[in-house]
Structures are given as C-alpha cells and as structure tokens.
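These notes are about the structure you will find just below.
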Amino acid sequence: MTEKTKKIESAVKAIIAKALRDAAEALTTGAALFADLADPADTGEIIPPPRRGYADFYFCGCPGLAALSRKIGVTCFKAGATQQGVLIRQRDLAKDFYAGTALGDGGYTLEPGWNAWEMRQIHSISVAPDSAVSFVSRALRVKLSVPFHVFEKNLRHEMKSLALHEWIKTPAGKAHLAARGVRMSEVERFTVPMFGDDPRMPPDRATEIYMVKPRTDLSKVVAILDRCAKGEI
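Just so we're aligned, residue 0 is where the sequence shown starts under numbering that gives the first Met the number 0, counting upward by one.
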C-alpha cells in the first residue's frame with residue numbers, strides 16, 4: 000500500500016466518523032434550517048413509481064442545501080429524473096448524504112444536514128394537450144419517446160446553464176460569490192461513498208444541484224422536459 004493510498008483511506012475513515020457524529024446534530028438543527036423549504040400542502044400521499052416508458056422528475060431539498068442557498072443568496076434544489084419512484088430516490092439521497100461533502104483546506108469534510116432530503120410538492124400548471132408532462136404528487140410524470148438514458152443525457156444538456164457547479168465557474172458566478180465573501184470551495188459539493196465502496200476512490204461531484212424554484216420556474220422546466228422526452232433538442 001502506497002503512502003498516498005494510506006492518506007486517502009485515512010481521510011475517508013475520518014469523514015465517515017465525522018458523519019456519525021454530525022448525524023445527531025443534523026437532527027436537532029434540521030427543522031430550523033429547512034423552514035424555508037417546508038411544504039404546507041404536505042398530505043402524506045403515497046406516490047407509486049412510474050410505469051414502463053415513463054419517468055418522474057422531482058425537486059428535492061434538505062437542511063444542508065437550504066443553508067447553502069441562504070449563504071450564497073441563490074435558491075437551489077436537487078432536481079433529477081428517476082424510474083424507481085421519487086420516494087425510493089428520496090431514501091437513497093438521504094442514505095448517501097448526497098452533496099454533503101465539501102473540499103476545504105484540510106481535505107474533504109462531511110457537513111451536517113445533508114441526510115434529511117424531502118421531495119418538494121409540485122403544483123400543477125396548464126400544459127399543451129400534446130405535452131409529454133403530467134402532474135402527480137411531488138413529481139412531474141414524463142412520457143418518454145426516447146430511452147431513459149437518452150432522456151437523462153438530453154436533460155443534463157438542457158439544464159446545464161442552471162447547474163450550480165457550472166454557474167460558480169462563470170464570471171457572473173465568481174463575482175456573485177466574491178461579493179458575498181464565499182469561496183468557491185464552500186459551494187462545490189461532493190458525495191462520498193459511505194459503505195461498501197473502495198475508499199481509495201475519489202468522491203463524486205454532485206452535478207444535480209440546480210438554481211431553480213419549483214413554483215416560479217415550473218413552466219421553464221416543463222418545456223425542457225417536454226423537449227427532452229420527445230428528443231427535440
């Protein structure tokens with residue numbers, strides 16, 4: 000085992016140990032941090048997964064992301080598509096501490112508040128009769144005319160300009176962070192494998208944090224989903 004490998008393994012073990020300590024703190028601070036993402040229309044409805052040929056698009060928030068949004072002065076949500084069902088995806092995001100790690104001067108650090116993800120309620124709007132998009136509780140259901148992997152590829156391409164990790168590298172993004180006294184490294188997010196993966200593997204960059212608002216940006220998102228589902232890009 001090389002010295003570099005030993006250092007990586009040691010760093011990952013430290014991250015996991017800190018995650019266990021921070022979990023308790025996240026439980027007590029989560030309610031306050033998540034207040035601006037609270038859903039007053041929460042009905043506790045059971046959401047069945049989409050059937051074959053469909054996918055669900057969701058907006059998801061957590062206390063850690065709410066705190067980051069307030070810090071940078073930009074509303075952000077985790078957004079993406081799944082064929083497993085949004086509640087299963089919500090569980091997996093929490094289990095993985097998705098985007099919960101930042102890279103600082105001392106290496107990767109897992110921060111509290113990133114293991115309490117919750118799907119955002121989506122309120123329906125008018126769509127065209129031939130739209131591929133319909134509404135279910137906490138999701139936009141999309142009828143696919145292309146394979147799911149093609150739809151996801153199209154979606155990433157069309158939403159690239161809204162992605163937080165892309166925006167912070169632009170002149171506008173850099174200027175915004177500088178004005179607020181926030182370093183880029185505080186905003187870049189990573190997901191560290193918690194169990195079962197090779198600890199020598201570097202963390203995954205979290206690329207599905209988007210600068211979107213489920214209420215005010217919904218028409219824009221629906222149009223993107225419709226194009227991507229039909230392969231019209």
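Backbone N, C-alpha and C fix where the C-beta goes; we use that ideal spot for every residue, glycine too.
Where the alpha helix (DSSP H) through residue i begins and ends
i: A222; result: 217-229
i: D55; result: Counting along the chain, D55 falls outside any alpha helix (DSSP H), though it belongs to the beta strand (DSSP E) covering 53-60.
i: R90; result: 85-95
i: V186; result: 183-186
i: G172; result: 170-179
i: R155; result: 147-157
CA-to-CA distance, residue j to residue i, given in whole angstroms
i: L224; j: P201; result: 31 Å
i: T28; j: N114; result: With a pLDDT of 37 at T28, under the threshold of 50, the modelled position of that residue is not reliable, and no figure is offered here.
i: G60; j: I232; result: 28 Å
i: V85; j: D91; result: 10 Å
i: R226; j: R137; result: 21 Å
i: L217; j: V191; result: 31 Å
i: R214; j: S123; result: 9 Å
i: V220; j: L154; result: 10 Å
i: E151; j: A80; result: 7 Å
i: Q83; j: A98; result: 20 Å
i: G52; j: A66; result: 36 Å
i: K168; j: K70; result: 17 Å
Buried or exposed (CB count within 10 angstroms, at least 16 for buried), residue i
i: L32; result: Here L32 scores only 35 on pLDDT, less than 50, and its place in the model should not be relied on; the value that follows carries that caveat. Counting Cβ neighbours within 10 Å, L32 comes out buried, since at least 16 surround it.
i: A174; result: exposed
i: I208; result: buried
i: P49; result: buried
Residue-level contact to chain B via CB, residue i, 8 Å cutoff
i: K168; result: As a matter of chain content, chain B is missing from the structure shown, which is built from one protein chain.
Would you call the stretch 62-81 in contact with the stretch 120-134, where contact means no fewer than 3 C-beta pairs closer than 8 Å? no
The stretch 103-119 touching the stretch 47-62, judged by at least three CB pairs closer than 8 Å: yes
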